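Residue numbers (the working numbering): 81 to 432.
In this text, a Cβ means the ideal position worked out from N, Cα and C, and glycines have one as well.
Remember, predicted model here, so these are calculated numbers, not experimental data.
One structure is given here, and the rest of the page talks about it.
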Ligand code: SF4
């Protein structure tokens, strides 16, 4: 458990992100935590890199809408201070702390508070000896490093552990997690590290994380994008929804890519419908289809749909045609029906 959020076992896969504010800026950090939670983050990580950050965590944690994980690197005192501040989890590698007495002190304080620790091995900061032995940050080296870090925590008396073996190379990341999943039952935190800016960062993250989730590997995920972290939270949540691992929140737009057969401006209509339905906050599947080839089939299966013909289209609501609307009225007709469905009203009622 990370606070009130279960991770691992049969628990739903969760979304994590990390703040980019200075932690000592309590109000700025909390504003970002709220934005991340609103965008789909179940858990938020915050760096605890100095004593001012640890003091700020004591103010942030009780006001946060989601469990907070403190990110620690070298100083065990900051780990102890973060625990004192009430964080729900720690991310630290005991190998960075080195002193066995310090590792035991952190493990004991975490265990006493029932706070889990994530061992987070990263290809970019792998131990020099392992790099030399394996000739680089190969999947086997990441797994060996992670299991070594896990053993240090176990020897210090901690059993609430999560593990990650992040790599910026997607095939290496996938292989590392597959190897790790064979060797441990601890919950796994998935991520392609340093995935970079949009859209390439999204593609790398989805390629790695989705591959593993579809194999049943992974309990919690983070997209590491060079972007506003709200994009990370949105993308993580969306990925879990499209994989059927979390309930859909918001609009799922099924729209054809358009082609030379299209008889309306599918791209413009789909963009406007998606933007305006998102603003309405409704949770529906909506189809916007450009012609009769696949249009009626997709529109019938969605909650709402338009199957276009020449300059007009059939409006489907919950599987049946309710009327024919001209192209220029398609967006408004879909919005009216979406509002009606969201309010629990009858499909296609007069005045729609
Ligand atoms: Fe083209 Fe029609 Fe298919 Fe859309 S539904 S891509 S317009 S053939």
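Heavy atom of the ligand SF4 within 7 Å of residue i beta-carbon
i	result
residue 389	no
residue 376	no
residue 279	no
residue 380	no
residue 369	yes
residue 95	no
residue 341	yes
residue 334	no
residue 346	yes
residue 147	no
residue 337	yes
residue 373	yes
Exposure label - residue i; buried when at least 16 CB within 10 Å
i	result
residue 179	exposed
residue 381	exposed
residue 371	buried
residue 125	buried
residue 208	exposed
residue 285	buried
residue 59	Not covered by the structure: residue 59. The range shown for the chain is 81 to 432.
residue 309	buried
residue 229	buried
Nearest candidate by alpha-carbon position, reference residue i, set the options
i	options	result
residue 288	277, 278, 279 and 303	303
residue 246	402, 223 and 119	223
residue 155	128, 138 and 199	128
residue 238	252, 213, 291 and 174	174
residue 405	387, 185 and 131	387
residue 264	244, 252, 335 and 280	244
residue 266	199, 294, 118 and 218	199
residue 307	281, 323 and 325	281
residue 354	332, 132, 269 and 234	332
residue 345	212, 408, 421 and 115	408
residue 170	275, 91, 253 and 196	196
residue 277	251, 364, 309 and 305	305
residue 399	411, 412, 390 and 417	417
residue 420	167, 206, 150 and 363	363
residue 261	147, 231, 102 and 227	227
Query - the segment 353–361 / the segment 369–376 touching (three or more Cβ pairs under 8 Å) - result: Contact between the segment 353–361 and the segment 369–376 is absent, because fewer than three Cβ pairs lie under 8 Å.
Query raised in the report: Between the segment 179–194 and the segment 133–145, do three or more beta carbon pairs fall short of 8 Å?
Result: Pairwise C-beta distances place the segment 179–194 out of contact with the segment 133–145, as fewer than three of them are shorter than 8 Å.
Requested in this report: State whether the segment 294–313 contacts the segment 247–264, with contact taken as three or more CB pairs (one from each stretch) at a distance under 8 Å.
Outcome: yes
**Report entry** Contact the segment 307–327 vs the segment 94–103: 3+ CB pairs below 8 Å
**Finding:** Touching, per the Cβ criterion.
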